[in-house]
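Before any comments, here is the structure.
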Amino acid sequence: MAGRVEGRVAVVTGAAGGLGREFCAALAREGAAHVIGVDIADQAGTAEAVEEAGGRFVAIRADITEEAECAAVAARAEEYGGAQILVNNAGVFPVRPFLETSLEEWRRIHRLNVEGTFLITRALLPQAIRAGWGRIVMVSSAVVWLGPPGMVAYTASKAALVGMVRGLAREVGDTGVTVNALTPGLTRTRTALTTDVHEQFPHVVAHQAVPRAEEASDLTSTLLFLCDQGSAFVTGQAVNVDGGYALH
Ligand SMILES: NC(=O)c1ccc[n+]([C@@H]2O[C@H](COP(=O)([O-])OP(=O)(O)OC[C@H]3O[C@@H](n4cnc5c(N)ncnc54)[C@H](O)[C@@H]3O)[C@@H](O)[C@H]2O)c1
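Numbering (this note's numbering), first residue to last: 0 to 247.
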């Protein structure tokens, strides 16, 4: 039986671990011709996970906040026929009270979460348009519905992705490319478990309808749904997967 993304070339940013690795393996399992991981960190673990899933993995070490490096990623993707699926997953999510947020910190968060996403999307989108088929998924966050204290800069950056989704979905609506966001709740990745955000797990779990911590694997079915051949009419949306904390 054909996979849900059979024969598609998929690019996943921030693919070295966490959600990115899980997304790469899921796309491979569902028949992607190549999964291209983009990260500033080593992607050996993801290469293994994709191979175990029966897929082909291409690791590109690139910083998506650098325009020239995004152009280099696009040139590499061309070698495999061009990217048709782009999962914009690279991001940082620090905890810091608003009044203690320096301009430098605000810019660091927005530079990766917003500018980086803009640059890599602008670099790869022409390939999907040329193919007449594309799926762009922004990994935003359930914080855009919840507005937790201590994460204002992060929340603003992830809300910017929802704005990007809405505008871009309309701009490319007649090209066969859909643009959507996925908003995960607090999820047990290594980064979430080893940074200040880990203190929020008990509070978050207590407020979810499903009373357990979210795992990266809880997100893959929604990612695949957004990338599915049959989801051509789903665009401009932000789909929440947070165990029923934000009810909207
Ligand atoms: N884990 C959570 O609780 C959670 C919840 C909601 C949303 N998210 C979002 O999901 C995404 C992944 O989160 P995660 O928990 O897997 O974290 P993670 O730290 O494992 O993933 C982020 C990846 O981005 C990479 N990266 C950083 N700067 C980069 C750059 N300039 N260019 C390319 N790659 C770069 C990192 O090396 C890392 O591999 C993030 O955007 C995060 O905001 C996470």
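Even glycine gets a Cβ: it sits at the ideal position worked out from N, Cα and C.
Within this structure, are the beta carbons of residue 234 and residue 179 separated by less than 9 angstroms? Pairing residue 234 with residue 179 gives a Cβ-Cβ distance under 9 angstroms.
Tell me the residue span of the alpha helix (DSSP H) that contains residue 166. Segment 151-170, the alpha helix (DSSP H) holding residue 166.
Through-space distance from residue 27 to residue 50, alpha-carbon basis: Within the model, the alpha-carbon separation for residue 50 versus residue 27 is close to 8 angstroms.
Neighbourhood of residue 72 by C-beta distance below 6 angstroms, restricted to the same chain and skipping five residues each side: Once the five neighbours on either side are set aside, the close Cβ partners of residue 72 are 37, 59 and 61.
In angstroms, rounded to a whole number, what distance separates the CA positions of residue 95 and residue 159? Take the alpha-carbon of residue 95 and the one of residue 159: they are about 19 angstroms apart.
Measuring alpha carbon to alpha carbon, tell me which of 120, 1 and 108 ends up nearest residue 11. Among 120, 1 and 108, the Cα nearest to that of residue 11 belongs to 120.
So is residue 193 buried or exposed if we call it buried at 16+ other beta carbons inside 10 Å? Residue burial annotation: residue 193 is exposed, with fewer than 16 other C-beta atoms found within 10 angstroms of its C-beta.
Three or more C-beta pairs closer than 8 angstroms, one from the segment 133-142 and one from the segment 237-246: is that the case here? Contact holds: three or more Cβ-Cβ distances are below 8 angstroms.
Please identify the residue among 224, 215, 207 and 191 whose C-alpha is closest to the C-alpha of residue 244. 207 is the residue among 224, 215, 207 and 191 whose C-alpha sits nearest the C-alpha of residue 244.
So, is residue 98 buried or exposed, given that buried needs 16 or more other C-beta atoms within 10 angstroms? Exposed.
What first and last residue would you give for the beta strand (DSSP E) that runs through residue 56? 56-60 is the span of the beta strand (DSSP E), which, as asked, contains residue 56.
Taking only heavy atoms of ligand 1 into account, decide whether any of them is closer than 8 angstroms to the Cβ of residue 64. Relative to ligand 1, the beta carbon of residue 64 is positioned inside 8 angstroms of a heavy atom.
Segment contact, 8 angstroms Cβ cut-off, at least three pairs: the segment 102-110 with the segment 126-140: Touching, no.
Under a Cβ-count criterion, where at least 16 other Cβ atoms within 10 Å of its own Cβ denotes burial, should residue 163 be classed as buried or exposed? Burial call: buried.
Go through its chain and collect everything with a Cβ distance to residue 154's Cβ below 7 angstroms, but skip five positions before and after it. 142, 143 and 146.
Looking only at its chain, what residues have a beta carbon closer than 7 angstroms to the beta carbon of residue 224, apart from the 5 residues adjacent to it on each side? Counting only Cβ-Cβ distances below 7 angstroms, and skipping sequence neighbours, we find 230.
In three-state DSSP terms, what is residue 112? Residue 112 falls in the helix class under three-state DSSP.
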